[in-house]
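The structure appears below as structure tokens.
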Amino acid sequence: MDLNTILVWAFKSVLLFFIIITACAYYTLAERVVSAFIQDRRGPNRAGPLGLLQPLADGIKFLTKEEVFPTQVNKVTYLIAPAISVSCAIMSWAIIPFGGAIPLPDSISSLVGFKELQLQVANPDTGILFLLAISSLSVYGVILAGWSSNNKYSLMGGIRSTAQMISYELPLGLSLTAVILMAGSLKLTDINNAQKDLWFVFTLPGFFSFLIFSVAMFAETNRLPFDLAEAESELVVGFHTEYGAFKFALFFIAEYMNMITMSCVVSLLFFGGYNVPFGLFEGSALAGILFFLVKVIFFAFSFMWVRWTLPRFRYDMLMNIGWKKLIPWALLNIVIAATYVVYWK
Amino acid sequence: MTLDLENPQSILFLAFAGVCIGSSLAVILHKNPVISAASLVLSFFALAGIYAVMNAIFIATMQVLVYTGAIMVLVIFVIMLLSLREETNLEIWRNPIKQTAIVLVMIVYGSLLISAMNYNPEIGNGQPKENYSYEIKGPVTSVNVKGNTASIGASTFIDYLLPFELVSVLLTAAVIGAVVIAKRDKLNQS
Chain G
1 MDLNTILVWA
11 FKSVLLFFII
21 ITACAYYTLA
31 ERVVSAFIQD
41 RRGPNRAGPL
51 GLLQPLADGI
61 KFLTKEEVFP
71 TQVNKVTYLI
81 APAISVSCAI
91 MSWAIIPFGG
101 AIPLPDSISS
111 LVGFKELQLQ
121 VANPDTGILF
131 LLAISSLSVY
141 GVILAGWSSN
151 NKYSLMGGIR
161 STAQMISYEL
171 PLGLSLTAVI
181 LMAGSLKLTD
191 INNAQKDLWF
201 VFTLPGFFSF
211 LIFSVAMFAE
221 TNRLPFDLAE
231 AESELVVGFH
241 TEYGAFKFAL
251 FFIAEYMNMI
261 TMSCVVSLLF
271 FGGYNVPFGL
281 FEGSALAGIL
291 FFLVKVIFFA
301 FSFMWVRWTL
311 PRFRYDMLMN
321 IGWKKLIPWA
331 LLNIVIAATY
341 VVYWK
Chain L
346 MTLDLENPQS
356 ILFLAFAGVC
366 IGSSLAVILH
376 KNPVISAASL
386 VLSFFALAGI
396 YAVMNAIFIA
406 TMQVLVYTGA
416 IMVLVIFVIM
426 LLSLREETNL
436 EIWRNPIKQT
446 AIVLVMIVYG
456 SLLISAMNYN
466 PEIGNGQPKE
476 NYSYEIKGPV
486 TSVNVKGNTA
496 SIGASTFIDY
506 LLPFELVSVL
516 LTAAVIGAVV
526 IAKRDKLNQS
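Residue numbers (my numbering), protein chains in the order written: chain G, 1 to 345; chain L, 346 to 535.
Written as structure tokens, this is what we have:
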């Protein structure tokens, strides 16, 4: 481990951090514009041309608001909870590859000591499992926020949300097993390369696993139709009822980051990632990145599309879908995937 | 692993070990059960960090996924649902069963400490490996897999297949047992 490697890692991390923050800011704007479009009204259009400076205005508002502490909260956990949420959301971006390796020109490669730049901060051996591990950690942000607020709505929201997240982690992980079986590797880059000729969504086990994954994905990110955690009509806003100003902004950012992460994962695992279909633009890394971005934006859009179209599920229905439908189907799908890998491939 | 302060791995090891010890102390010393459980989470996470420093990335991920992510969430969940109150020191020390338990735990950990002090790094090959590889000794002799995950997979499913299957049967029995016990309680109540 030499200094160059560490410097390149640090550079990539900082760059990625700014990209995520900007992406999140404009995702919130997109959410408001799309909701306005779906509800047939005008969205935010005052700040800057076409309302493009709205995220900046929101950010300044969150930062300059008065920091309010409720009197009966447990201070330490109350402050740590939003930090856990947002740091887990950022950490999971470390392993997402945004494109193939970019070959560096000689002048730069002699300086940094390697020939191509991987568009990925880290590529651990455990790949997708790392993502699952981090997403299982983000439950603590919710659970500690709900508990430390010392408010019945927060506690109920926290407990509901935790139950939902740990229930839907199982079908999420099981549906990934089919993909891992087909790709024969846990690394996201290997899974991407395995789809060079055929996207996994066009295979039978891949299609089933995409259906299960996409339902579990909405539940994991606590979005409608599964946003039981913040069912406004019954729980105010659930676990972050007592949070205001920047502490609320952190939860908000974490939610949007998780949605972008899930969009990246679903396009990497099922829709060919940064492979360009039909062998077009052979060897061009830039075309791959663009194709990947288009897919990610489509899935990010579908999150909003679903939110403003479907009503919320009832709590017992949510648990029934998770435990009695998705998990048995996912288990069956693993058998189908194993048969597919042995006999058809 | 030998300690060498020039080496970044040693610094990381010391950092994670410090967090691990500190949060473990918080687990047993803090009076609030939820904070204790949260400290245990931090301790498990630091342990995963130590595994990662030793290049055992698969075990580190599993530590986070299974212990930190799954088991401790359930523990905190149960503590929150039971809404336990803060303990006072007197209640702990006056109980004779707990006094005996403290003595027994001290004996066990004392013997562990003595064996750890006699540990010879030459025998255990204490250096972390850069690249793991595993040669299979079973019926398939010509396979040599590279990488952390693949090595563990090969050794589990080829060399240690029978013990692995036996453990999975044991776990299935435990799950069925838990379901049966939970159901019987429900029948008695109604």
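Idealized CB from N, CA, C, for every residue including glycine.
- Within chain G, the residues I143, I159, T162, A163, I166 have their CB atoms less than 9 Å from the CB of F422 (chain L), given in chain order.
- In the DSSP assignment, P105 (chain G) falls outside any alpha helix (DSSP H), carrying neither H nor E.
- Put simply, the segment 167-186 of chain G does not touch the segment 113-121 of chain G. Fewer than three CB pairs are less than 8 Å apart.
- Within its own chain, the residues whose Cβ lies closer than 6 Å to the Cβ of S369 (chain L), once the five positions on either side in sequence are excluded, are S388, listed in chain order.
- According to the DSSP assignment, E67 (chain G) belongs to no alpha helix (DSSP H), since it is labelled neither H nor E.
- By the C-beta density criterion, A527 (chain L) is exposed, having fewer than 16 other C-beta atoms within 10 angstroms.
- DSSP links L117 (chain G) through a beta bridge to G:I102.
- With fewer than 16 other Cβ atoms inside 10 Å of its own Cβ, K324 (chain G) counts as exposed.
- For the alpha helix (DSSP H) assignment, the uninterrupted runs of no fewer than 4 residues enclosed by the segment 356-422 of chain L are, from N- to C-terminal side, 378-398, 402-407.
- Rounded to whole angstroms, S302 (chain G) and Y78 (chain G) show a C-alpha spacing of 33 Å.
- As the crow flies, the alpha-carbon of G59 (chain G) is around 15 Å from that of R32 (chain G).
- For P124 (chain G), the CB contacts under 6 Å within the same chain, skipping 5 residues up- and downstream, are F130 in chain order.
- Listed by position along chain L, the residues whose Cβ is nearer than 7 Å to that of P124 (chain G) are I402.
- In this chain, the alpha helix (DSSP H) harbouring K295 (chain G) covers 285-307.
- Interface with chain G (8 Å Cβ-Cβ cutoff): L410 (chain L) is included.
- Judged by beta-carbon spacing, I84 (chain G) lies within the 8 Å limit of Y140 (chain G), meaning their Cβ atoms are closer than that value.
- A distance of 8 Å or more separates the beta carbons of Y168 (chain G) and V236 (chain G).
- Residue contact with chain G for A415 (chain L): present (Cβ-Cβ distance below 8 Å to some residue of chain G).
- Across the set G:G48, G:I143, G:Y340, G:A57, the C-alpha of G:I143 shows the shortest separation from the C-alpha of F251 (chain G).
- Per DSSP, reduced to three states, the secondary structure at V139 (chain G) is helical.
- L326 (chain G) and L204 (chain G) have their alpha carbons spaced roughly 17 Å apart.
- Our two residues, T261 (chain G) and W93 (chain G), have alpha carbons roughly 7 Å apart in a direct line.
- V73 (chain G) and S161 (chain G) do not touch by the CB rule: their CB atoms are close to 18 Å apart, not below 8 Å.
- Separation of M304 (chain G) and I366 (chain L) (C-alpha to C-alpha, rounded to the nearest whole angstrom) is 45 Å.
- Contact annotation, G51 (chain G) with L15 (chain G): C-beta distance approximately 27 Å; criterion of less than 8 Å not satisfied.
- One thing to note: L268 (chain G) has its Cβ within 8 Å of the Cβ of I191 (chain G).
- Taking the Cα positions, V8 (chain G) is about 12 Å away from S109 (chain G).
- When the five nearest sequence neighbours on each side are left out, the beta carbons in the same chain lying within less than 7 Å of the beta carbon of V341 (chain G) are those of L181, M182, in order along the chain.
- Residues of chain L with a Cβ closer than 7 Å to the Cβ of S136 (chain G) are, in chain order, L410, G414, A415.
- Spatial neighbours of L392 (chain L) in its own chain (CB-CB distance under 7 Å, excluding positions within 5 residues in sequence) are listed in chain order as C365, Q408.
- G100 (chain G) and S284 (chain G) have their C-alpha atoms roughly 9 Å apart.
- Against T494 (chain L), the close residues of chain G are D125, T126, L186, in the order they occur along the chain (beta-carbon pairs closer than 7 Å).
- Excluding the 5 residues flanking it on each side, A163 (chain G) has no same chain C-beta neighbour closer than 6 Å.
- Straight through space, the alpha carbons of L385 (chain L) and T413 (chain L) are spaced by roughly 9 Å.
- Judged by beta-carbon spacing, Y26 (chain G) lies within the 8 Å limit of P55 (chain G), meaning their Cβ atoms are closer than that value.
- Within chain G, the C-beta atoms nearer than 8 Å to that of A383 (chain L) come from T77, Y140, L144, in chain order.
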